[in-house]
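Colleague: Numbering follows the working numbering, in which position 197 of the sequence shown is assigned residue number 197; successive positions increment by one, without gaps.
Just so you know, even glycine gets a beta-carbon here, dropped at the ideal spot from N, CA and C.
Dropping the structure in here first, questions after.
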Amino acid sequence: MTQDVEQPIIDRQAGQRHLERLVMLSDGIFAIAITLSAIEIRPEQQDGASLWQAWAVPLAIYFLSFFLIGQVWMVHRRIVSHLRDIDGPGTVINMLLLSLVALVPVVVRFTITHPSQGQAVIVYALSFVITYGCMALLWAYVAFIARLAPELPRAAARELLFKLIFAVVLCAAAMLYLLGSLVGACVFGLAAAGVRWLAWRQGRRAATVP
């Protein structure tokens, strides 16, 4: 019994413990970001404006933010569920992702307080382009470089990566449209469709793997 206690913890066990703590921290950041986004809803009814006009924009921005943050959280949960442990670079990339998630309430507040300015919507779209891009970077590293998800078929890993790239390109297309670049939005929209098709193909391939 004493010998078991005195035995050093192997690297894999240490990595698993680090992963558990990382998941707890990540869930806390996501919960705080969603909560603070709700707190930022402070509708102000101006003279001549109806109650619906005062609430419509803040609520639309909040529920959109809730949906997008929820999507990031669900993908993050899927990523960590495939990991056997986590290393230093993966932790750094994950912390970068969490810093972007923590900034979402600030972006929400800026968008709500400046609804008539096009820059506010552009900042909002750009924030999620960068966030989804960081998520794709995290998965690319842990799945293909560090190989921390060895039990997941490669086709399934590529499918998830293509889905994340699709989200990045689609958000970029929306941002270009808001900037007034219709050609750029169309190009990125077609690119998004192509990436989504690649994800579909990898999904079909993963489904055929015994």
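Can you tell me the Cα-Cα spacing of Leu182 and Gln71, whole angstroms?
Modeller: Each residue's alpha carbon lies about 27 Å from the other.
Colleague: So, at 6 Å on beta carbons, what are the nonlocal neighbours of Ala156 in its own chain, with the 5 sequence-adjacent residues on each side left out?
Modeller: These residues qualify, in order along the chain: Ala206.
Colleague: Label Ala192 either buried or exposed according to how many other C-beta atoms from any shown protein chain fall within 10 Å of its C-beta, with 16 as the threshold for buried.
Modeller: buried
Colleague: For the ligand PLP, is there any heavy atom lying closer than 8 Å to the beta carbon of Leu19?
Modeller: Absence of the ligand PLP is noted for the structure shown, with no ligands found whatsoever.
Colleague: If we call anything under 9 Å between Cβ atoms a contact, is Pro105 one with Ile29?
Modeller: no
Colleague: Distance check for Gln119 and Met74, CA to CA, integer angstroms please.
Modeller: 29 Å
Colleague: Can you round the beta-carbon distance between Phe110 and Val101 to whole angstroms, since I take them to be within the 8 Å contact cut?
Modeller: Between the beta-carbon of Phe110 and that of Val101 there is about 16 Å, and that puts the pair past the 8 Å contact cut.
Colleague: Would Thr2 be called buried (16 or more neighbouring beta carbons within 10 Å of its own) or exposed?
Modeller: The pLDDT assigned to Thr2 is 41, lower than 50, so where the model puts this residue is not dependable, and the model offers no usable value.
Colleague: At the level of alpha carbons, what is the spacing between Phe166 and Arg196?
Modeller: Distance between the alpha carbons of Phe166 and Arg196 is about 6 Å.
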